[in-house]
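To start, the structure under review is shown below, and the notes come after it.
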Amino acid sequence: MKQKLTRALIDEIRKEMPVLSQNEEKGVIGGTLYVIGVDGRVLYSNETNTDEVLVSMGSWDGAPTMELPKGTSFQISSGQLVIEGTSEQNRDIYSFLTQNTSVEWSMCVDSSTYHFFAGTNHQEKEVSMAYSGCDIKYHNHQSEYANYPSDADYETKSKLQEIGYKEFYIYHEPTDTYIPY
């Protein structure tokens, strides 16, 4: 049955299907809050009423918190936490993670798209990861090496160069710098 679209019909439809406010739309879209402990483990995650992906360190109330790019995902695979997303600010995300935990992190980045994978095995040393299509590798040391590459770092570097990695950096937390090697 076809009905002629009249002003009265439009008003009737509006009563049954009200237009959502901007805040209500965000609630429908939804985002996620992840709380990460000092060991890099996700302690808590929950949907939020905003469209943001938030990561908070240790707790939600008053803890260091960072908004991550929309579409960022958190996965736990083989005991590792892997955060995947796309952002030109991937170094800022990496710095935030390392400065607010007591474990080593590694990050692989595709320099042409800024797609990144950041991960930790929740230990003070020996985090290792590589992803096809990436060409930059970052990691930090929570040990005596601090801002110097270890023998194992050089071994990993030579293997990753064989699959297309071109740049390698150690993140030095005290000075907030990335040291190429």
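Every number in the working numbering is 9 more than the matching position in the sequence shown, counting from 1. We put the CB at the ideal spot given by N, CA and C, even for glycine.
Sub-9 angstroms separation of Leu14 and Ile45 beta-carbons: Not a contact, by the Cβ cut-off of 9 angstroms.
Best match in Met138, His148, Asp144 and Gln98 for proximity to Glu182 [C-alpha to C-alpha]: The option with the nearest alpha carbon to Glu182 is His148.
Proximity to Thr41 [Cα-Cα], best of Pro78, Ser104 and Thr129: Out of Pro78, Ser104 and Thr129, Pro78 has the C-alpha closest to the C-alpha of Thr41.
DSSP three-state assignment for Arg16, whether helix, strand or coil: The DSSP-derived three-state label of Arg16 is helix.
Paired residues, beta bridge with Lys146 - DSSP: According to DSSP, which records beta bridges pairwise, Lys146 is partnered with Cys117 and Phe177.
Beta-carbon contacts of Tyr43 that lie in its chain and below 8 angstroms, excluding the five residues immediately before and after: Result list for Tyr43: Val51, Tyr53, Ser54, Val62, Leu63, Val64, Ser65 and Phe83, in chain order.
Reduced DSSP category for Ile102 - H, G, I as helix; E, B as strand; rest coil: Ile102 falls in the helix class under three-state DSSP.
Anticipated Cβ contact below 8 angstroms, Glu93 with Phe126, distance rounded: Right, their Cβ atoms sit about 5 angstroms apart.
C-alpha distance - Phe105 paired with Tyr174, whole-angstrom precision: One C-alpha to the other measures close to 24 angstroms.
Rounded separation between Ser111 and Asn156 - CA only: When rounded, the distance between both Cα atoms is 15 angstroms.
Ala139 - DSSP class collapsed to helix/strand/coil: In this structure, Ala139 counts as coil in the three-state DSSP scheme.
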